[in-house]
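Reviewing the structure listed below.
Numbering (our numbering), first residue to last: 148 to 332.
This is the structure:
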């Protein structure tokens with residue numbers, strides 16, 4: 148048995164009725180804790196505005212479908228998501244109606260994000276080498292540049308672990324010498 152896919156033309160005349168059930172509209176309104184009471188007139192106005200918005204959204208989606216190389220009779224979710232992405236006045240729906248992504252594309256994107264984060268972490272941790280062979284102190288902004296004080300002179304940290312290089316335990320606030328029982332590190 149074929150489906151009834153004939154489009155329903157929107158009414159141009161004011162009839163005083165809406166297609167959405169007012170009792171459900173009122174239930175949705177009362178679900179909000181901030182609203183104590185809602186009159187029937189307010190619920191009717193919200194139902195009319197909702198119908199007009201849905202009609203506009205479907206029309207824009209239909210225009211997107213017609214613009215495709217192989218237009219279809221039925222509108223699918225991806226068509227609505229494309230209409231939301233293409234029209235500026237529907238931009239507020241991007242979080243509600245996101246574009247669909249295949250599992251393979253999602254896995255590739257996650258892998259690329261992990262690689263990018265690892266590269267950024269390596270740039271932060273890898274010291275750069277100065278002109279005389281000493282390592283420059285890495286700057287913490289992720290740019291990988293050397294830290295420069297206000298006077299513009301680069302601070303150099305020697306390759307050997309001398310007193311000017313801080314111990315990682317002391318940076319973290321842990322005194323390992325006291326924990327081990329010997330008074331010096």
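Glycine included, C-beta positions come from ideal geometry on N, C-alpha and C.
Contact defined as beta carbons within less than 8 Å: I believe residue 226 pairs with residue 208. What is the distance between those atoms, to the nearest angstrom? Along the chain shown, read from residue 1 onward, the residue named residue 226 stands at position 79. Along the chain shown, read from residue 1 onward, the residue named residue 208 stands at position 61. Indeed, because the Cβ distance is near 5 Å, the residues count as touching under 8 Å.
Would residue 189 and residue 165 be called neighbours here (beta carbons separated by less than 8 Å)? For the purposes of this step, residue 189 is identified with residue 42 of the chain shown, where counting begins at 1. For the purposes of this step, residue 165 is identified with residue 18 of the chain shown, where counting begins at 1. It is not a contact, given that the beta carbons lie outside the stated cut-off.
Apply the 10 Å Cβ neighbour rule to residue 309 and answer buried if 16 or more other Cβ atoms are within range, or exposed otherwise. The sequence position of residue 309 within the chain shown is 162, counting from 1. In this prediction, residue 309 scores a pLDDT of 45, lower than 50, which makes its location untrustworthy; the coordinate-derived value is nonetheless stated afterwards. Result: exposed.
If you draw a straight line from the C-alpha of residue 217 to the C-alpha of residue 228, how long is it? As a working mapping, residue 217 is identified with position 70 in the chain shown. As a working mapping, residue 228 is identified with position 81 in the chain shown. Cα-Cα distance, rounded: 18 Å.
Which value, in whole angstroms, describes the spacing of the CA atoms of residue 255 and residue 247? In the chain shown, the residue the question calls residue 255 occupies position 108. In the chain shown, the residue the question calls residue 247 occupies position 100. Distance between the alpha carbons of residue 255 and residue 247 is about 15 Å.
In this structure, does DSSP put residue 223 in helix, strand or coil? The residue you call residue 223 lines up with position 76 of the chain shown. Note: residue 223 maps to coil in three-state DSSP.
By Cβ distance below 7 Å, which residues in the same chain neighbour residue 231 in space, the five residues on each side in sequence not counted? Locating residue 231 in the chain shown gives position 84, counting from the first residue. Taken in chain order, the residues that qualify are 237, 240, 241 and 244.
I need the straight-line Cα distance from residue 219 to residue 159, nearest angstrom please. Here residue 219 refers to the residue found at position 72 of the chain shown. Here residue 159 refers to the residue found at position 12 of the chain shown. Cα to Cα, residue 219 sits roughly 26 Å from residue 159.
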